[in-house]
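With the first letter of the sequence shown counted as 1, position 35 gets the number 50 in my numbering; the numbers rise by one all the way through.
We put the beta carbon where it would ideally sit given N, CA and C, even for glycine.
Treat the numbers as computed from the prediction; the structure is a model and nothing was measured.
Structure first, then comments.
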Amino acid sequence: EALLGLDFGDCTEQALANILWSFAKSGEASPELFEAIENHIVVRSLDGFRPQHLSNIVWAYATVGVSHPELFKKIGDHVAGLDSLDWFTPQALSNTAWAYATAEASHSELFKKIGNHIAGMGSLDLFNSQDFSNTAWAYATARRFHSRLFEKLSTEAIVKGEYFDGQEVANFLWACATVGYSDERLFSAFTPVIESKLDECNEQHLANIAWAYSVVNVPSQDLFNECYVGALASRENAFSEEDLSQLHQWQLWQQELESRIELPRSLRAKCRNAFTSRGYSESKLQNDVAGELRAAGLDLDEEVLLGSGYRIDALVKVGDGRKVAVEVDGPSHFIDRRPTGSTILKHRQVLRLDRIEVVSVPYWEWNELKNSVTKQHYLNEKLGCDKDH
Numbered sequence: 016e017a018l019l020g021l022d023f024g025d026c027t028e029q030a031l032a033n034i035l036w037s038f039a040k041s042g043e044a045s046p047e048l049f050e051a052i053e054n055h056i057v058v059r060s061l062d063g064f065r066p067q068h069l070s071n072i073v074w075a076y077a078t079v080g081v082s083h084p085e086l087f088k089k090i091g092d093h094v095a096g097l098d099s100l101d102w103f104t105p106q107a108l109s110n111t112a113w114a115y116a117t118a119e120a121s122h123s124e125l126f127k128k129i130g131n132h133i134a135g136m137g138s139l140d141l142f143n144s145q146d147f148s149n150t151a152w153a154y155a156t157a158r159r160f161h162s163r164l165f166e167k168l169s170t171e172a173i174v175k176g177e178y179f180d181g182q183e184v185a186n187f188l189w190a191c192a193t194v195g196y197s198d199e200r201l202f203s204a205f206t207p208v209i210e211s212k213l214d215e216c217n218e219q220h221l222a223n224i225a226w227a228y229s230v231v232n233v234p235s236q237d238l239f240n241e242c243y244v245g246a247l248a249s250r251e252n253a254f255s256e257e258d259l260s261q262l263h264q265w266q267l268w269q270q271e272l273e274s275r276i277e278l279p280r281s282l283r284a285k286c287r288n289a290f291t292s293r294g295y296s297e298s299k300l301q302n303d304v305a306g307e308l309r310a311a312g313l314d315l316d317e318e319v320l321l322g323s324g325y326r327i328d329a330l331v332k333v334g335d336g337r338k339v340a341v342e343v344d345g346p347s348h349f350i351d352r353r354p355t356g357s358t359i360l361k362h363r364q365v366l367r368l369d370r371i372e373v374v375s376v377p378y379w380e381w382n383e384l385k386n387s388v389t390k391q392h393y394l395n396e397k398l399g400c401d402k403d404h
């Protein structure tokens, strides 16, 4: 309350950053105080704030879960407009990206600026394992793909793997898989690291790691063995529905590999149930595609549950007796028009396990088609149907 009476114009930039950081760190944030300081900062020049101040400020707001879009926009614009980020420490860079992702504050120019800066650095020797993990996690969570950034992080993480703890490994590999970045060297290099840190991993870490390897499809018999299954089995009652769904996809991957590695029957059943029970909703886009498939004279079933547990948008019977899965892939299936890890995994497992060809209809391709004639022509071409069908 005493702080609320302050004239924040008399406070130095460091004092403001320190107040916010201290409250966020203590877990005793005052929404009124945070709002008052935000209202002050958004009308104050940011030229006097050092990189560490700016990083600490956005970190504090993200940590306490107080949403302030104006503040994040102002600081994001400022950082994105700087000539160089050379004065930002690795921690300041990673914490800034983490804060924007955590606060769900969209700022593409900021992520581009930070990504370009890190990718262009000579080496990442000053980055610790948490900086690697937080940066990758932030880009995946914010749904930003920066190929040179992930390449740089992965290449240097390979030689620093032993310094990662269980959570950092899980978050880093999950992030790479989520954005569809498959670096076989990275996942192979981290296999012995995970083996040695298995006891540090909680149930979410174990599920995230298993899912990430399933996406990139790097067989790791030395990791995914009876020991890993035992670690999963011992936490059977602790997994969230999301964890269980990921483990179902990992079990499907073991079937792809014909590894004979299986979860205990009760856990396997829980995983399949969680996976098949996930909510789904039809979109306008999906209904439009289904309508044009029917108008083209094609026989189809919608929202079909397959043997693998995957649900597909439409199962279409084409002229030669084939059945083709048509997936209407909206914006959530892509990051910067590249398929997400989840999309890649689904298409691959439906093809390999259900033995059904998958045809993707990306939302931007569909949105460019202006009438039924062009839409039906597009679908017939995609499905390889006769022109006079």
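Candidates V184, N395, Y76, of which the one nearest S211 by Cα: V184
Proximity below 8 Å, CB of F251 to CB of L221: According to the sequence displayed, residue 251 carries Glu and not Phe. Going by C-beta atoms, E251 is not nearer than 8 Å to L221.
Inter-residue Cα distance where the pair is K402 and V319: Residue placement at K402 is poorly supported in this model, since its pLDDT is 48, which falls under 50; the coordinates still yield a value, given next. Distance between the alpha carbons of K402 and V319: 26 Å.
First and last residue of the uninterrupted beta strand (DSSP E) at L330: 326-332
Bridge partner(s) assigned by DSSP for N320: Contrary to the premise, residue 320 reads as Leu rather than Asn in this sequence. According to DSSP, L320 bridges with R326.
Residues that E372 bridges to, as DSSP identifies them: V339
Identity of the residues DSSP links to L267 by a beta bridge: L267 is not bridged to any residue.
Residues near F142 by beta carbon distance below 7 Å, same chain, minus five either side: P105
Member of L108, A311, K338 whose CA lies at the smallest distance from the CA of E372: Comparing Cα positions, the closest option is K338.
Per DSSP, the bridge partner or partners of I350: R353
Whole-angstrom distance between Q270 and H404, CA atom to CA atom: Bear in mind that a pLDDT of 42 at H404, under 50, signals an unreliable position, so the model cannot answer this.
Buried or exposed by the 16-neighbour rule on C-beta atoms within 10 Å, applied to Y76: buried
Residues bridged to E315 (per DSSP): According to the sequence provided, residue 315 is Leu. The question's Glu does not apply to it. Its beta-bridge partners are V331.
Buried or exposed (CB count within 10 angstroms, at least 16 for buried), L366: exposed
G245: first and last residue of the uninterrupted alpha helix (DSSP H) it sits in: 241-248
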